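The structure appears right after this line, and notes come after that.
There are 2 protein chains.
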Amino acid sequence: MRPYNFSAGPATLPQAVLQQAADEMLDWQGSGMSVMEMSHRSKEFSSIYEHAEQTLRELLAVPGHYKILFMQGGGLAENAIVPLNLIHRTGKADFIITGSWSAKSLNEARKYGDVHEAASNSSSHGHYKPRTWLPSQETWKIRQDAAYLHICGNETIDGIEFFEWPCLPEQIPLVVDASSHILSRPLDVSRFGLIFAGAQKNIGPAGLTIVIVREDLIGHALPVCPSAFDYKIVADNNSMFNTPPTYAIYIAGLVFDWIKSCGGLRAIEQTNLSKANLLYAALDKSSFYHNPVDPQCRSRMNIPFFLKDPSRNEAFLSGAREAGLLQLKGHKSVGGMRASLYNAMPLAGVQSLVHYLEDFEKRHA
Amino acid sequence: MRPYNFSAGPATLPQAVLQQAADEMLDWQGSGMSVMEMSHRSKEFSSIYEHAEQTLRELLAVPGHYKILFMQGGGLAENAIVPLNLIHRTGKADFIITGSWSAKSLNEARKYGDVHEAASNSSSHGHYKPRTWLPSQETWKIRQDAAYLHICGNETIDGIEFFEWPCLPEQIPLVVDASSHILSRPLDVSRFGLIFAGAQKNIGPAGLTIVIVREDLIGHALPVCPSAFDYKIVADNNSMFNTPPTYAIYIAGLVFDWIKSCGGLRAIEQTNLSKANLLYAALDKSSFYHNPVDPQCRSRMNIPFFLKDPSRNEAFLSGAREAGLLQLKGHKSVGGMRASLYNAMPLAGVQSLVHYLEDFEKRHA
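Pasting the structure below:
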């Protein structure tokens with residue numbers, strides 16, 4: 001049996017997807033080529049691309065007036081690419097700061113216009129402290145002339161997730177960094193102007209970025225925007241202005257098929273709820289571990305937790321590895337542990353982790 | 001037996017590399033993880049990354065004062081990223097125009113400064129005509145205050161390759177787009193300020209870009225340069241500021257190992273010479289096919305050729321497919337045929353193509 005891999009990303013993938021990729025590595029469906037070896041303009045790769053795009057559109061019920069773009073650079077590059085494409089209208093962008101990722105997004109956008117922190121959950125200055133709550137929408141101070149509002153749907157490091165989307169004035173499109181929660185549950189795409197997500201959590205290999213953008217927001221890039229990152233050029237060329245990351249798109253398509261075979265996003269959400277509830281319950285009933293996040297906004301995808309006695313961290317991690325539970329170390333900025341429960345983590349993996357938590361506590365409490 | 005794949009890129013890969021990738025897909029060397037599933041900061045992936053970087057450094061004998069960066073976006077993104085990082089010193093960049101790729105590079109750089117065509121092999125205005133020769137260096141009109149000079153080492157569409165590198169004034173670093181000839185022969189890295197290459201020809205999967213840059217050229221990015229594409233930030237973070245395309249880097253490392261096992265770049269060059277000579281000889285002795293490029297600068301990697309009677313093109317291509325010779329159709333901008341003979345194309349593949357050329361001519365001349 002393969003061990004359970006709790007990495008925050010790049011992250012565990014469905015075993016069936018990896019098996020199919022291995023089987024097709026030297027010869028994709030009788031073509032005589034690996035997918036890696038196909039011209040991006042060949043009829044073989046075109047069929048792979050169109051299938052992936054269509055399946056994603058179907059899974060998320062993406063409305064017809066939204067484009068799906070397959071790009072490169074990850075979430076960090078989008079922190080620049082989004083303002084390069086969207087800030088033009090007024091030169092202003094507002095941000096809700098809920099953790100490390102949204103803070104990085106604001107800092108990067110500063111290069112391209114006037115940025116503003118409309119709300120924040122920071123309780124400290126200077127040394128970084130874990131964020132544990134979401135500022136309620138009534139407290140947000142959004143500028144009426146902001147070209148867009150940016151939020152991070154799930155803060156991977158802090159373990160904080162949005163479950164309700166804000167209502168904004170019509171002229172202010174909502175931009176969401178959905179890197180670490182996309183496809184973990186249904187999403188009403190029509191609530192957003194733009195959704196972006198690095199692939200390396202719920203979609204596929206690192207090096208692919210998905211952008212879903214409302215058509216009216218396309219075509220207004222700043223003159224300094226590199227052509228390869230101008231949404232209009234990318235959209236007009238079906239993501240083939242520059243050679244796209246073809247193999248990553250192929251794997252993403254297999255993952256989309258796998259999600260469909262699981263019953264789609266409603267079924268996936270139920271499993272993700274069961275997994276997260278199981279782990280939070282185990283942490284909450286223990287006095288040996290704890291998770292500091294407000295239960296209202298606890299992430300279903302990334303669950304940071306801390307041993308009350310951090311001197312046991314190393315023993316915890318090496319015991320976990322021996323038990324076949326991999327990559328549980330917390331992000332270096334906050335320490336402790338983190339279990340990422342993306343779609344491809346089976347319930348059995350979380351059961352196994354809970355069993356280990358209880359056993360370790362018994363032996364060390 | 002697998003068919004021979006003459007795609008210009010993404011392109012054929014060594015069968016041994018694909019086989020190893022298939023074998024390790026579900027479990028990389030007992031780690032219990034696919035390489036796709038590893039955190040980029042894990043010790044497992046760090047070892048893969050360092051091995052790939054070291055092997056590339058060894059193959060090209062990269063001097064210690066050059067950094068090797070693993071980036072995203074391909075050659076087309078570098079057309080913006082290079083001026084964003086290098087044009088600052090004087091705001092001017094000069095270009096030698098030898099085909100489609102160098103022309104695209106100049107056009108993109110226009111966004112970031114004052115660009116200048118120092119030489120060109122264009123013989124036409126308006127409608128695109130194949131380029132067939134290289135302007136000799138004595139005719140180049142380089143501005144003494146250019147921040148750098150850009151050349152395309154091998155024009156993939158036109159089939160024109162540089163075999164001698166220009167000598168420039170010390171203050172003007174030479175930038176080469178080496179996307180389609182890197183690792184096909186030894187390269188004296190010290191002659192260049194910067195070398196960039198999309199991976200999808202001689203290195204690995206699309207979605208990875210290699211940049212080799214002299215240290216003194218790093219650290220001068222324009223303020224509008226996205227952080228993810230600022231060479232200093234990429235270098236200071238060992239290409240892990242944004243999550244790198246980890247699986248593509250793993251495949252690239254396997255390809256680097258394969259080149260080493262072939263005897264390194266001198267041995268690879270000998271094979272590439274034999275392959276190209278064989279095909280050019282077959283084309284030149286025929287009155288049925290022709291290649292219009294000056295023999296002094298004929299590409300060893302991409303060999304465009306034309307049937308004198310283009311009405312036979314479709315029959316030629318479908319017969320080739322039946323003979324197990326794939327992706328021979330020429331680029332849409334020039335038509336005709338193109339055989340790309342990258343490192344992973346064995347001599348037997350070119351022999352097979354030559355046999356087919358002769359046979360088709362016999363049947364249709």
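Top to bottom, those sequences are chains A and B. For the first sequence, the numbering used here begins at 1 and goes up steadily by one. For the second sequence, the numbering used here begins at 1 and goes up steadily by one. Even for Gly, the Cβ is constructed at its ideal location relative to N, Cα and C. Computed from a predicted structure; not experimentally measured.
Inset, instruction - Could you spell out the range, first to last residue, of the beta strand (DSSP E) harbouring ASP114/A? - result: In the first sequence, residue 114/A corresponds to position 114, counting from 1. Residues 114-120.
Inset, instruction - Report the option in ILE97/A, GLU314/A and VAL62/A whose CA atom is closest to the CA atom of ILE142/A. - result: Along the first sequence, one-based indexing puts residue 142/A at 142. Ranking the options by Cα distance to ILE142/A, first place goes to ILE97/A.
Inset, instruction - Just the C-alpha distance for ASP216/B and PRO173/B, rounded to the nearest angstrom, thanks. - result: Within the second sequence, residue 216/B is the residue found at index 216, counting from 1. Within the second sequence, residue 173/B is the residue found at index 173, counting from 1. Cα to Cα, the separation comes out at about 11 Å.
Inset, instruction - Check whether the Cβ of ALA77/B lies closer than 7 Å to any Cβ atom in chain E. - result: The chain labelled as chain E is not found among the protein chains of the depicted structure, namely A and B.
Inset, instruction - Specify the secondary structure class of PRO310/A as computed by DSSP and reduced to three states. - result: Taking the first residue of the first sequence as 1, we reach residue 310/A at position 310. PRO310/A: helix per DSSP, three-state reduction.
Inset, instruction - Please list the residues of the stretch 94-124 of chain A that have a C-beta atom closer than 8 Å to any C-beta atom in chain B, keeping them in chain order. - result: GLU108, LYS111 and TYR112
Legend entry - Contact list for HIS40/A against chain B, beta-carbon separation under 9 Å: Here residue 40/A refers to the residue found at position 40 of the first sequence. The contacting residues are GLY9, PRO10, GLN200 and ALA206.
Inset, instruction - Could you name each continuous beta strand (DSSP E) segment of 3 residues or more that falls completely within the stretch 188-254 of chain B, going from the start of the chain to the end? - result: 194-198 and 209-214
Legend entry - Where TYR289/B sits in the DSSP three-state scheme: Here residue 289/B refers to the residue found at position 289 of the second sequence. In the structure shown, TYR289/B sits in a strand (DSSP, three-state: E or B).
Inset, instruction - Count the CB pairs spanning the stretch 63-76 of chain A and the stretch 66-86 of chain B that are closer than 8 Å, and state whether there are at least three. - result: yes
Legend entry - the stretch 322-341 of chain A in contact with the stretch 226-238 of chain A per 3-pair CB rule at 8 Å: no
Legend entry - Best match in PRO10/B, ASP27/B and THR12/B for proximity to GLN15/A [C-alpha to C-alpha]: For the purposes of this step, residue 15/A is taken as the residue at position 15 of the first sequence. Out of PRO10/B, ASP27/B and THR12/B, ASP27/B has the C-alpha closest to the C-alpha of GLN15/A.
Legend entry - Simplified DSSP assignment, three categories, for ALA147/A: Numbered from its first residue, the first sequence carries residue 147/A at position 147. Note: ALA147/A maps to coil in three-state DSSP.
Legend entry - Interface partners of PHE241/A on chain B, CB under 7 Å: Residue numbering aside, residue 241/A sits at position 241 when the first sequence is read from its first letter. Going along chain B in sequence order, the residues near PHE241/A (Cβ under 7 Å) are LEU76.
Legend entry - Same chain only: Cβ atoms within 8 Å of ILE268/B, ignoring 5 sequence neighbours per side: Numbered from 1 along the second sequence, position 268 holds the residue referred to as residue 268/B. So the list reads LEU183, SER184, ARG185, ILE259, CYS262 and ASN343, once near-sequence residues are dropped.
Legend entry - Cβ distance (whole Å) where GLU44/A is taken to contact SER31/A below 8 Å: Along the first sequence, one-based indexing puts residue 44/A at 44. Along the first sequence, one-based indexing puts residue 31/A at 31. At roughly 5 Å, the Cβ-Cβ gap stays under 8 Å, so GLU44/A and SER31/A are in contact.
Inset, instruction - Give me the Cβ distance between PHE288/B and LEU317/B, rounded to the nearest whole Å; I'm assuming they're in contact under 8 Å. - result: Stepping through the second sequence from its first residue, residue 288/B is reached at position 288. Stepping through the second sequence from its first residue, residue 317/B is reached at position 317. Their Cβ separation, rounded to whole angstroms, is 15 Å, which puts PHE288/B and LEU317/B out of contact at 8 Å.
Inset, instruction - Between the Cα of LEU168/A and those of ASP177/A, LEU328/A, ILE151/A and ASP158/A, spot the shortest distance and give me the residue it belongs to. - result: Looking up residue 168/A in the first sequence gives position 168. For LEU168/A, the nearest C-alpha among the options comes from ILE151/A.
Legend entry - Option in PHE163/B, LEU187/B and ASP145/B with minimal Cα separation from GLU170/B: Start at 1 with the first residue of the second sequence, and residue 170/B comes out as number 170. It is ASP145/B.
Legend entry - Residue of MET240/B, ASP188/B and TYR250/B minimising C-alpha distance to PRO58/B: Along the second sequence, read from residue 1 onward, the residue named residue 58/B stands at position 58. One point to set straight first is that residue 58/B is Glu, not Pro, in the sequence displayed. The shortest Cα separation from GLU58/B among MET240/B, ASP188/B and TYR250/B belongs to ASP188/B.
Inset, instruction - Return the Cβ separation of GLY181/A and GLU161/A in integer angstroms, given the expectation that the two are a contact with Cβ distance under 8 Å. - result: Here residue 181/A is taken as the residue at index 181 of the first sequence, counted from 1. Here residue 161/A is taken as the residue at index 161 of the first sequence, counted from 1. Looking at the sequence provided, one finds His at residue 181/A rather than Gly. Right, their Cβ atoms sit about 6 Å apart.
Legend entry - Through-space distance from CYS225/B to SER136/B, alpha-carbon basis: Counting from one through the second sequence, the residue named residue 136/B turns up at place 136. Counting from one through the second sequence, the residue named residue 225/B turns up at place 225. About 34 Å.
Inset, instruction - Look up CYS297/B in the DSSP assignment and say whether it is helix, strand or coil. - result: What you label residue 297/B is simply residue 297 of the second sequence in a count that begins at 1. Of the three classes helix, strand and coil, the one that applies to CYS297/B here is helix, per DSSP.
Legend entry - Contact with chain B by ASN302/A, beta-carbon distance below 7 Å: As a working mapping, residue 302/A is identified with position 302 in the first sequence. Cβ-Cβ to chain B under 7 Å: no for ASN302/A.
Inset, instruction - Run the CB neighbour count on THR246/B, radius 10 Å, all protein chains shown included, and call it buried at 16 or more, exposed below. - result: Taking the second sequence and counting its residues from 1, one reaches residue 246/B at position 246. Its Cβ being crowded by 16 or more others within 10 Å, THR246/B is buried.
Inset, instruction - Please state whether DSSP places VAL176/B in a helix, a strand or coil. - result: On the second sequence, residue 176/B is found 176 positions in, with the first residue counted as 1. Strand at VAL176/B.
Legend entry - Proximity test, Cβ basis, 7 Å: THR246/A and chain B: For the purposes of this step, residue 246/A is identified with residue 246 of the first sequence, where counting begins at 1. By this cut-off, THR246/A is an interface position.
Legend entry - Residues that ALA235/B contacts on chain A, provided the C-beta gap is smaller than 7 Å: Along the second sequence, one-based indexing puts residue 235/B at 235. Simply none; closest approach about 15 Å.
Legend entry - Residue range of the unbroken alpha helix (DSSP H) whose run includes ILE48/B: Within the second sequence, numbered from 1, the residue matching residue 48/B stands at position 48. It spans 43-59 - the alpha helix (DSSP H) in which ILE48/B sits, taken as one unbroken run.
Inset, instruction - Pull up the distance between the alpha-carbon of GLN351/A and that of CYS297/A, whole angstroms please. - result: Position 351 of the first sequence, counted from the start, is the residue given in the question as residue 351/A. Position 297 of the first sequence, counted from the start, is the residue given in the question as residue 297/A. C-alpha separation (whole angstroms): 22 Å.
Legend entry - 8 Å contact criterion, which MET33/A and LEU326/B should meet: CB distance rounded: Start at 1 with the first residue of the first sequence, and residue 33/A comes out as number 33. Start at 1 with the first residue of the second sequence, and residue 326/B comes out as number 326. That pair is a contact at about 7 Å.
Legend entry - Bridge-paired residues (DSSP) for LYS67/B: Indexing the second sequence from 1 puts residue 67/B at position 67. LYS67/B is bridged to VAL213/B.
Inset, instruction - Could you run through the stretch 333-347 of chain A and flag, in chain order, every residue whose CB is less than 8 Å away from some CB of chain B? - result: none
Legend entry - Touching by the beta-carbon criterion (3+ pairs, under 8 Å), the stretch 77-86 of chain A and the stretch 272-285 of chain A: no
Inset, instruction - Tell me whether PHE305/B sits in a helix, a strand or coil according to DSSP, three-state version. - result: One-based indexing of the second sequence puts residue 305/B at position 305. Three-state DSSP puts PHE305/B in a strand.
Inset, instruction - Give the interface partners of GLU37/A over in chain B, defined as CB-CB distance under 7 Å, in chain order. - result: Position 37 of the first sequence, counting from 1, holds the residue named residue 37/A. What GLU37/A touches in chain B: ASN5, SER7, PRO10, ALA11, THR12 and LEU13.
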